[in-house]
Amino acid sequence: MKLERTLVLIKPDGVKRGLIGPIMERYERAGLKVIAMKMVTASRDQAMSHYPVNEEHMQLMGEKSLKTYVEYGLDPIEYIGTNNPLEIGKMIREWNSEYLSSGPVVAIVLEGIHAISNVRLLTGNTLPTFALPGTIRGDFSIDSPALANSRKRAVINLIHASGEPEEAEREINHWFTSDEIHTYKRSDEDVMF
Ligand code: GDP
Ligand code: MG
1 MKLERTLVLI
11 KPDGVKRGLI
21 GPIMERYERA
31 GLKVIAMKMV
41 TASRDQAMSH
51 YPVNEEHMQL
61 MGEKSLKTYV
71 EYGLDPIEYI
81 GTNNPLEIGK
91 MIREWNSEYL
101 SSGPVVAIVL
111 EGIHAISNVR
121 LLTGNTLPTF
131 ALPGTIRGDF
141 SIDSPALANS
151 RKRAVINLIH
161 ASGEPEEAER
171 EINHWFTSDE
181 IHTYKRSDED
191 VMF
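In full-length UniProt numbering, the protein residues as written are 1 to 193.
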């Protein structure tokens, strides 16, 4: 049995659009247990340090984003002054931090069977324009990377969800202290498992 914990942030657009309830419902009804939750207005520093200063990670993000420019026939140099993936990755980290600190977020720790991958599935594709109907991003958002890049901002996609176990552990510790994380039994556990 792979019981995992994962961090979810309802980003400022989700809070401002009144979508805390509908988003939480998707995770809760699937059987994921809320074991920590709070609203935080993150400082720019707190938002920045949520995204690791990892060159490999930033490089990958830059490469992924460069593909979008090529796909849409846009010249990255014209838009953001560089076609260097690491530079673009660093820029996106700045845009992400600005987005995350632009209003209150709701930070949540969810626990459950394969919680990390299950939460990612329920959340949907990072890029709302490619997120399938039935996923949270697919049902509630529609932003595209071409638009985001051309406006020098992050892709607006409602949610952050940890991608892998080490990331989840680091992020849970970034947003919560151990006494803010709770243990209890959900009444449907006996029936579901
Ligand atoms: P996630 O784990 O699904 O959130 O996706 P990533 O970890 O790959 O990216 C982190 C965040 O960066 C995403 O949630 C988006 O808000 C933003 N983002 C991802 N790709 C792009 C992109 O190509 N352009 C821009 N402007 N933002 C992006
Ligand atoms: Mg991620």
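The C-beta atom is built at its ideal place from N, Cα and C for all residues, glycine as well.
A contact between stretches requires three or more CB pairs, one per stretch, nearer than 8 Å, and the stretch 132 to 145 fails this requirement with the stretch 38 to 47. In this structure, the alpha-carbon of P85 lies about 13 Å from that of D75. Unbroken beta strand (DSSP E) runs of no fewer than 3 residues, entirely contained in the stretch 13 to 81, are found at 33 to 40, following chain order. Residue pairing by DSSP puts R5 in a beta bridge opposite E111. Counting along the chain, no alpha helix (DSSP H) covers A161; the unbroken beta strand (DSSP E) around it starts and ends at 159 to 161.
Annotated three-state conformation of T129 is helix, per DSSP. Sequence-distant partners of Y99 (beyond 5 residues in either direction) whose C-beta falls short of 6 Å from its own C-beta, in its chain, are A154.
Close CB contacts of S102 within its chain, under the 6 Å cut and outside five residues either way in sequence, are with P12 (chain order). Residue pairing by DSSP places T135 opposite P133 in a beta bridge. For V191, the secondary structure class from DSSP, reduced to helix, strand or coil, is helix. Within its own chain, the residues whose Cβ lies closer than 7 Å to the Cβ of M48, once the five positions on either side in sequence are excluded, are S97, listed in chain order. At least one heavy atom of ligand 2 sits closer than 6 Å to the Cβ of G163. Residue state for V119 is assigned as helix, using DSSP reduced to three classes. With a threshold of 16 other beta carbon atoms within 10 Å, M91 meets it and is buried. For V155, the distance from the CB to the nearest heavy atom of ligand 1 is below 6 Å. Note on M192: under 16 other CB atoms within 10 angstroms of its CB, so exposed under the neighbour-count rule. Here G112 is not near G89, since their CB atoms are 7 Å or more apart.
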